[in-house]
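The block underneath contains the structure these notes are about, expressed in structure tokens.
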Amino acid sequence: MRLRNIFIVVKVIEISIRFYHDLFGLDIVLGNDGNTILTEGLVLQDEKIWRDFLGKTIIPESNSCELYFEEQDIERFVEKLERLYPDIQYVNHLMTHSWGQKVVRFYDLDGNLIEVGTPM
Numbered sequence: 128m129r130l131r132n133i134f135i136v137v138k139v140i141e142i143s144i145r146f147y148h149d150l151f152g153l154d155i156v157l158g159n160d161g162n163t164i165l166t167e168g169l170v171l172q173d174e175k176i177w178r179d180f181l182g183k184t185i186i187p188e189s190n191s192c193e194l195y196f197e198e199q200d201i202e203r204f205v206e207k208l209e210r211l212y213p214d215i216q217y218v219n220h221l222m223t224h225s226w227g228q229k230v231v232r233f234y235d236l237d238g239n240l241i242e243v244g245t246p247m
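In terms of this note's numbering, the sequence shown opens at residue 128 and continues consecutively.
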């Protein structure tokens, strides 16, 4: 058995596709009826489909999981983030952990937590 994909819930798939392409270079692998698979195995699913399937309310900014990306030139990434998405909501701005890794945490446009860190 192996893990194939990670699903995240989004309000408007087209906007989220652009967001993940702009910032992380992810491209569409397959799109069909409210689900879009991006490179690296990330799947965007329409909020209405997810809510109907679960029969439960979606809770943005639940802080129960995060998407983690690594970027060597994190300062350049943060500049791009601020230029393209100046209203992004940060959990923490660029910081350095005691072990030397630099990280930034923020929510995507739908309240999914993202961390970008330098490789360890």
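Glycine residues also receive a C-beta, built at the ideal position from the N, C-alpha and C atoms.
- Excluding the 5 residues flanking it on each side, valine 137 has same chain C-beta neighbours closer than 6 Å at Ser143, Leu171 and Asp237, in chain order.
- For glutamate 198, the secondary structure class from DSSP, reduced to helix, strand or coil, is coil.
- For lysine 229, the uninterrupted beta strand (DSSP E) segment begins and ends at 229-234.
- Looking only at Tyr217, Phe196, Thr245 and Pro246, the smallest Cα-Cα distance to phenylalanine 233 is reached by Tyr217.
- Distance from the Cα of asparagine 159 is smallest, within the candidate group Lys207, Glu141, Gly152 and His148, for Glu141.
- Annotated as distal: asparagine 162 and leucine 194, with beta-carbon spacing of 8 Å or more.
- Of the other Cβ atoms in all chains shown, fewer than 16 fall within 10 Å of the Cβ of aspartate 154; this residue is therefore exposed.
- Assignment of aspartate 160 by DSSP, reduced to helix, strand and coil, places it in the coil class.
- Closest by C-alpha distance to leucine 211, out of Leu150, Ile164 and Met247, is Leu150.
- Take the alpha-carbon of arginine 145 and the one of lysine 207: they are about 14 Å apart.
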